[in-house]
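Start counting at 1 in the sequence shown, then tack on 102, and there's your number in my numbering. C-beta atoms are modelled at their ideal positions from N, C-alpha and C, and glycine is treated no differently. Everything below concerns the one structure shown next.
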Amino acid sequence: MPFGSEGVAPGIGLGLSGGGFRATLFHIGSCWRLVELGVLTKVGRISSVSGGSIFAGVLAANWKTLAADPGKYPDLIVQPLRQFCRRSIDTPAIGEGIFVPWKSAGDLLEADYRTLFDTSLDKLPDSPVFIFNSTNLQTGRDFRFSKPYMGDYRIGLIKDPTLPLAKVVAASSAFPPFLSPIVIDNAGKFIPVEGADLNGRPEFTEHLYLSDGGVYDNLGLETIWNRCETVLASDAGAPFGLGDVVETDWVRQTLRALDVATDQSRGLRKRALVADYRSKARKGCYWGIDTKIAAYELADSLRCDDKIVEPLAGLRTRLNPFSDTEQESLINWGYAVCDAAVRKYAGEIVSAEARPKWPCPAHPLS
């Protein structure tokens, strides 16, 4: 049985999807609005994947200061991430990983993340619990990192891990095959848990081979779905793109097959979550980068022109430079659609009345 089998308990969980820098920027906007509504500091568990983990890493590293003064969100969270999203991260990591034999692309990715947060899991806040999700390529399961433990349910867990946060986020965002795998050697002794059939087998525990968390669960839902009564899901994942021409070379054909599998997994999780909302098994709400804001039927939501908004869902999911226009449009869109979803379907968790206004007024979406 997976970790988190204690059952559903009162509390709010927030899932931050993958999707490269596009997701990082979208989540900046979503959480900006959650700060204004008095919601973010109530969240008990924040589960992230890939580009969502880049955002969550900065949030976790600055949480203590932010919780004391939420008004510092733009300075503590927004500005460092916007500066980082102007950089080219993936191509140099891949190139140097090929031509520098003693370093991998993952090593270089970790070094880049150290410029954003130079801390470790044991230094993170006790509450909320930040969970960074990766995929264990050996067991095919979600491998979770948090302050209390790291592991997956087939090999067991290690309590109170001390890994650098930069390595953790690198594992969560190591998109295959170019940035993957992140290898962790001699991680420690894994304690058995229920269902840990591979515990005690050194071939599965002495060397960990980890890949992007989106391979297993691009919404980051599993670690909060089974634990939290209220689930908020911010989804900047890519809508599946139809292709009338299919490339037949091995690399692009493999990436296309991965897109198909990821889209199916994402769709199944999203439908199950929405079904739980409708049946009242869970409280909360979902908002996505390809959501129609008019569907929320909220009279005072921010006005968004579909001709401006719809192309944002098709922006690249690379870790390469995003222009100011791209950045501010994505931040504004995450803010606007989160505002509509939360006030429409989860108004009971809102504790601050604040009229929505464009956080990046230079690029309104109307």
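I'd like to confirm the pairing. Which residues does DSSP put opposite residue i in its beta bridges?
i: G390; result: D337
i: K77; result: Residue 77 lies beyond the range of the chain shown here (103 to 468); nothing can be said about it.
i: S313; result: T237
i: G111; result: First, the residue type needs correcting, since residue 111 is Ala and not Gly in the sequence shown. The partner list for A111 (beta bridge, DSSP) reads C330.
Assuming residue i and residue j form a contact by the criterion Cβ under 8 angstroms, report the distance between their Cβ atoms to the nearest whole angstrom.
i: G122; j: G153; result: 5 angstroms
i: P283; j: G208; result: 7 angstroms
i: V444; j: L116; result: About 11 angstroms; that fails the 8 angstroms criterion.
i: V468; j: R405; result: Note on residue identity: the sequence assigns Ser, not Val, to residue 468. Contact holds; Cβ gap of about 4 angstroms.
i: K267; j: Y311; result: Checking the displayed sequence, the identity of residue 267 turns out to be Leu instead of Lys. At roughly 20 angstroms, the Cβ-Cβ gap does not stay under 8 angstroms, so L267 and Y311 are not in contact.
i: L127; j: L432; result: 4 angstroms
i: L414; j: I391; result: 6 angstroms
i: F247; j: V231; result: In fact, because the Cβ distance is near 11 angstroms, the residues do not count as touching under 8 angstroms.
i: A195; j: L210; result: 4 angstroms
i: S336; j: G436; result: 7 angstroms
i: S149; j: T325; result: 4 angstroms
i: V66; j: L118; result: Beyond the ends of the chain as shown, which are 103 and 468, falls residue 66; an answer cannot be given.
i: S155; j: F277; result: Contact doesn't hold; Cβ gap of about 12 angstroms is too wide.
i: V452; j: V141; result: 6 angstroms
i: L321; j: L265; result: Their Cβ separation, rounded to whole angstroms, is 24 angstroms, which puts L321 and L265 out of contact at 8 angstroms.
i: L281; j: T241; result: Wrong, their Cβ atoms sit about 20 angstroms apart, outside the cutoff.
i: V180; j: I114; result: Going by Cβ atoms, the distance from V180 to I114 rounds to 22 angstroms, so no, they are not a contact pair.
i: L323; j: L375; result: 6 angstroms
i: Y318; j: A272; result: Not confirmed; about 16 angstroms, so no contact.
i: E412; j: H465; result: Actually they do not touch by this definition, with Cβ atoms about 15 angstroms apart.
Take the Cβ of residue i as the centre, count every other Cβ of all protein chains shown within 10 Å, and call the residue buried at 16 or more, exposed below.
i: K409; result: exposed
i: M103; result: Note that M103 scores 38 on pLDDT, short of 50, meaning its location in the model is unreliable and no value can be drawn from it.
i: E428; result: buried
i: D407; result: exposed
i: L370; result: exposed
i: E450; result: exposed
i: E399; result: exposed
i: E296; result: exposed
i: D192; result: buried
i: V285; result: exposed
i: P82; result: As shown, the chain starts at 103 and ends at 468. That puts residue 82 outside it, with no answer to give.
i: P463; result: exposed
i: D402; result: exposed
i: G197; result: exposed
i: P461; result: buried
i: K249; result: buried
i: S236; result: buried
i: R184; result: buried
i: G302; result: exposed
i: F105; result: Residue confidence for F105 is low, a pLDDT of 49 falling below 50, so the modelled location carries little weight; the figure read from the coordinates is stated next. Buried, by the Cβ-count rule.
i: T477; result: Lying before the first or after the last residue shown, residue 477 is absent from the chain, which here runs from 103 to 468.
i: A377; result: exposed
i: G109; result: exposed
i: A448; result: buried
i: S275; result: buried
i: S339; result: Checking the displayed sequence, the identity of residue 339 turns out to be Gly instead of Ser. Result: buried.
i: S313; result: buried
i: A298; result: buried
i: R380; result: exposed
i: D426; result: exposed
i: N434; result: buried
i: S190; result: exposed
Does the CB of residue i have a neighbour CB from chain C at under 8 angstroms?
i: T241; result: Protein chains in the displayed structure number just one, and chain C is not present.
| query | Fully enclosed by the segment 279 to 311, which beta strand (DSSP E) runs are 3 residues long or longer? | reply | 284 to 287
| query | Does the segment 170 to 179 touch the segment 248 to 268, meaning 3 or more C-beta pairs lie closer than 8 angstroms? | reply | no
| message | Report the start-end ranges of each alpha helix (DSSP H) in the segment 223 to 276 that is 4 residues or longer and not cut off at the edges. | response | 267 to 274
| Contact the segment 307 to 325 vs the segment 288 to 296: 3+ CB pairs below 8 angstroms | yes
| request: Give, in chain order, every unbroken run of the beta strand (DSSP E) that is at least 3 residues long and sits entirely within the segment 115 to 182. | output: 147 to 151
| field | Touching by the beta-carbon criterion (3+ pairs, under 8 angstroms), the segment 216 to 232 and the segment 456 to 467 | value | no
| task | Mind the definition here: the segment 128 to 138 touches the segment 261 to 272 only if three or more C-beta pairs lie below 8 angstroms; say whether that holds. | result | no
| Does the count of Cβ pairs from the segment 327 to 342 and the segment 373 to 386 closer than 8 angstroms reach three? | yes
| In chain order, which continuous runs of the alpha helix (DSSP H) of length 4 or greater are located wholly inside the segment 400 to 452? | 408 to 411, 426 to 447
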